[in-house]
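Its first residue numbered 1, the sequence shown is counted upward by one per residue in the UniProt record's numbering.
The beta-carbon is built from N, C-alpha and C at its ideal position, and this holds for glycine as well.
Data first, discussion second: the structure below is written as structure tokens.
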Amino acid sequence: MSDSLVVCDLHPKLQERLKKFRFCKDTTNAAIIIKVNKENQEMVVEEEHEDISPDSLRDELPERQPRYPLTLCCSQKHLIYSESLTRRACCLEFIVYRYKYVHYDKRVSYPMCLIFSSPQGCNPLLQMMYAGSKNRLVQIGELTKVGTSQERASFITLFNIICFGWL
1 MSDSLVVCDL HPKLQERLKK FRFCKDTTNA AIIIKVNKEN QEMVVEEEHE
51 DISPDSLRDE LPERQPRYPL TLCCSQKHLI YSESLTRRAC CLEFIVYRYK
101 YVHYDKRVSY PMCLIFSSPQ GCNPLLQMMY AGSKNRLVQI GELTKVGTSQ
151 ERASFITLFN IICFGWL
């Protein structure tokens, strides 16, 4: 039943951008930061980043407002140690991240992951709008690696587990 619940739909330009992002021939890491427009009840592109490292992306994340990020990472062995997530004051986000992954047999792939940044202390109504819209974004974006981060420290661990399977 929760799979069919759609709180916010994707703006047509976001759908088009996700498709182009998936089939992009660029070999650098990239990210799309997505926010929910409460008035229109639509998910829209807030920012796009080309050639962005996971550390730089983390610095873009807010402390107290949920967002979804989509990211592209350059290195299979890239770990995140810094814990500074201080840019925005209360921001939920979806982050879609596309990254280069070199397999053990030297094959290269560019998987995409979704990280839902939902810091504690945010407006509960806004958190429900984002949480209720996440499944639709995953479905339309054909995203297979998905995680939610509620604390700065957990983002570091979550990113490495989702993207690389590291504990």
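Across the structure, Ser53 and Gln41 are spaced so that their CA atoms are roughly 31 Å apart.
Rounded to the nearest angstrom, the gap between the Cα atoms of Tyr104 and Lys25 is 22 Å.
When Ala31, Lys35, Val102 are compared, the shortest CA-CA separation from Tyr130 is found for Lys35. In the three-state DSSP reduction, Glu142 falls in the coil class, being neither helix nor strand. Going by beta carbons, Phe94 and Leu143 fall outside the 7 Å limit.
The C-beta separation of Ser133 from Val7 comes to about 5 Å, placing the pair in contact by the 8 Å criterion. Counting along the chain, Phe116 sits inside the beta strand (DSSP E) bounded by residues 112 to 117. In the displayed model, Glu47 falls within a strand according to three-state DSSP.
Around the C-beta of Gln127, 16 or more other C-beta atoms lie within 10 Å, and the residue is accordingly described as buried. Residue range 12 to 22 is occupied by the alpha helix (DSSP H) that includes Lys13.
In the DSSP annotation of this structure, the continuous segment of the alpha helix (DSSP H) that includes Arg58 starts and ends at 54 to 60.
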